[in-house]
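In my numbering, the protein residues as written are 579 to 958.
See the structure below:
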């Protein structure tokens, strides 16, 4: 009796011990599992990964007057797109489309497949200057074309940080502001990091837009100055997507396309190192404050290269750093091509709206750099 009882106790003890070991092992495995909501690492990318390019094409007057969007679609249709690459686009925002039987009365979504423009779906017309329209396109794109790597291009007019991008001709020329762009990406179902976010439009290679984009992408491609007619070379874009040489190809093809232009710039900005750019601005602000001259930044920008109209308030970031004698090396962060007349610019501008009370108020509402905003509040 006693011996049997002891045997039963021993068996129970062993069972509990085995269960504990199993439970501990399971817990350890769970601890090693990465939550699905976290951004996935981008360090293991290869040329063989699936790739989806989403193009948000707001045609605007660039299309209705010049057919510029249609021309870029034609470039896409001429490309030999790799097998694992999807190129999809949403069209809207223009009073009329010159080619490809695109409707101005609807939002339409297309895939570039076998050198053809294939209509996938269409819906009622919505403003492309609204954050929800961009969000819906991103959500649809990642659902219908899930890939290991995804990129986003916004195509249209650009007005710098204070105006934004994607000026919808069908909705009273409503702009998609950088704040609305931020809302669209933050509210979308895409939880990863875009390979790049491209702005095929004028004046969007600015500090503020890059700071916002750095939350969502590894790279940003944009022009510090106005873009010449024709914009990017989309044949080169489509054929080089996902390759290690992609950024060199895009910059070089852009330079080749606009070699006869006096004013062209295009930058590829490495966003995961953008904190180094932010640190340079902090040093400039520190020197400005220690100068005891409240107007010193105004004096600085007078000696800087400026971009766009006077109400864009955009000045070369590198010129400002040089004025305050702040050492910087952006060679690993910003790669840029530029015309001879722009050979000394850094590839990134910054907004300084000191002369316009309304513009300054707007800037302070939407800028994400608290340190710079505090400086502007205290001095202008």
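For every residue, glycine included, the Cβ atom is placed at its ideal position computed from N, Cα and C.
Residue i classed as buried or exposed, judged by whether at least 16 other C-beta atoms fall within 10 angstroms
i	result
residue 724	exposed
residue 909	exposed
residue 696	exposed
residue 582	Confidence is the limiting factor: at residue 582 the pLDDT is only 44, short of 50, which leaves the residue's position unreliable and the question unanswerable from this model.
residue 664	buried
residue 948	exposed
residue 727	buried
residue 935	exposed
residue 916	buried
residue 853	exposed
residue 848	buried
residue 755	buried
residue 831	buried
residue 913	buried
residue 811	buried
residue 822	exposed
residue 881	exposed
residue 713	buried
Same chain only: Cβ atoms within 6 Å of residue i, ignoring 5 sequence neighbours per side
i	result
residue 883	894, 897, 923
residue 735	638, 745, 779
residue 776	731, 799
residue 757	944
residue 752	705, 707, 746
residue 942	951
residue 833	915
residue 750	none
residue 783	800, 801, 802, 845, 926
residue 635	647, 667, 669, 733
residue 864	none
Length of the line joining the Cα atoms of residue i and residue j
i	j	result
residue 825	residue 870	43 Å
residue 861	residue 901	12 Å
residue 939	residue 741	13 Å
residue 732	residue 676	20 Å
residue 629	residue 718	15 Å
residue 643	residue 748	14 Å
residue 766	residue 804	29 Å
residue 951	residue 873	15 Å
residue 771	residue 730	11 Å
residue 954	residue 946	13 Å
residue 791	residue 761	11 Å
residue 700	residue 684	6 Å
residue 651	residue 709	24 Å
residue 836	residue 655	21 Å
residue 671	residue 716	17 Å
residue 878	residue 641	38 Å
residue 868	residue 785	23 Å
residue 888	residue 739	13 Å
residue 858	residue 930	16 Å
residue 827	residue 845	12 Å
residue 907	residue 899	11 Å
residue 956	residue 904	22 Å
residue 711	residue 764	13 Å
residue 659	residue 694	11 Å
residue 829	residue 809	11 Å
residue 793	residue 958	29 Å
residue 818	residue 703	32 Å
residue 759	residue 838	33 Å
Same chain, Cβ closer than 8 Å to residue i, five either side skipped, listed in chain order
i	result
residue 555	Outside the modelled stretch of the chain, which goes from 579 to 958, sits residue 555, for which no answer is possible.
residue 911	847, 848, 851, 852, 854, 855
Supposed close pair residue i, residue j - CB separation, criterion 8 Å
i	j	result
residue 673	residue 679	That belief does not hold up - the Cβ atoms of residue 673 and residue 679 are roughly 16 Å apart, past 8 Å.
residue 926	residue 795	No, residue 926 and residue 795 are not in contact; Cβ-Cβ is about 15 Å, not under 8 Å.
residue 920	residue 843	5 Å
residue 774	residue 797	4 Å
residue 816	residue 657	4 Å
residue 813	residue 668	About 20 Å separates the two Cβ atoms, so there is no contact after all.
residue 890	residue 737	7 Å
residue 692	residue 820	Wrong, their Cβ atoms sit about 19 Å apart, outside the cutoff.
Own chain residues within Cβ distance below 7 Å of residue i, not counting five before or after
i	result
residue 876	932
residue 885	781, 802, 803, 892, 927
residue 840	917, 919
residue 645	676, 677
Residue i CB to nearest heavy atom of the ligand SAM below 8 Å
i	result
residue 753	Looking at this structure, you won't find the ligand SAM or any other ligand, since it has none at all.
Requested in this report: With a floor of 4 residues, list each alpha helix (DSSP H) that falls wholly inside the stretch 906-944, ordered by position along the chain.
Outcome: DSSP runs (the alpha helix (DSSP H)) wholly in the stretch 906-944: 935-944.
Requested in this report: Ignoring anything shorter than 3 residues or poking outside the stretch 629-667, list the beta strand (DSSP E) runs there in chain order.
Outcome: 629-636
Requested in this report: Could you name each continuous alpha helix (DSSP H) segment of 4 residues or more that falls completely within the stretch 752-823, going from the start of the chain to the end?
Outcome: The alpha helix (DSSP H) runs lying completely inside the stretch 752-823 and spanning 4 residues or more are 756-765, 785-791, 812-818, given in chain order.
Requested in this report: Write down every uninterrupted run of the alpha helix (DSSP H) in the stretch 810-890 whose length is 4 residues or greater and which is fully enclosed by it, in chain order.
Outcome: 812-818, 824-835, 853-868, 874-880
Query raised in the report: Residue ranges of each alpha helix (DSSP H) run of no fewer than 4 residues wholly in the stretch 672-738, ordered along the chain?
Result: Qualifying alpha helix (DSSP H) stretches, in chain order: 709-722.
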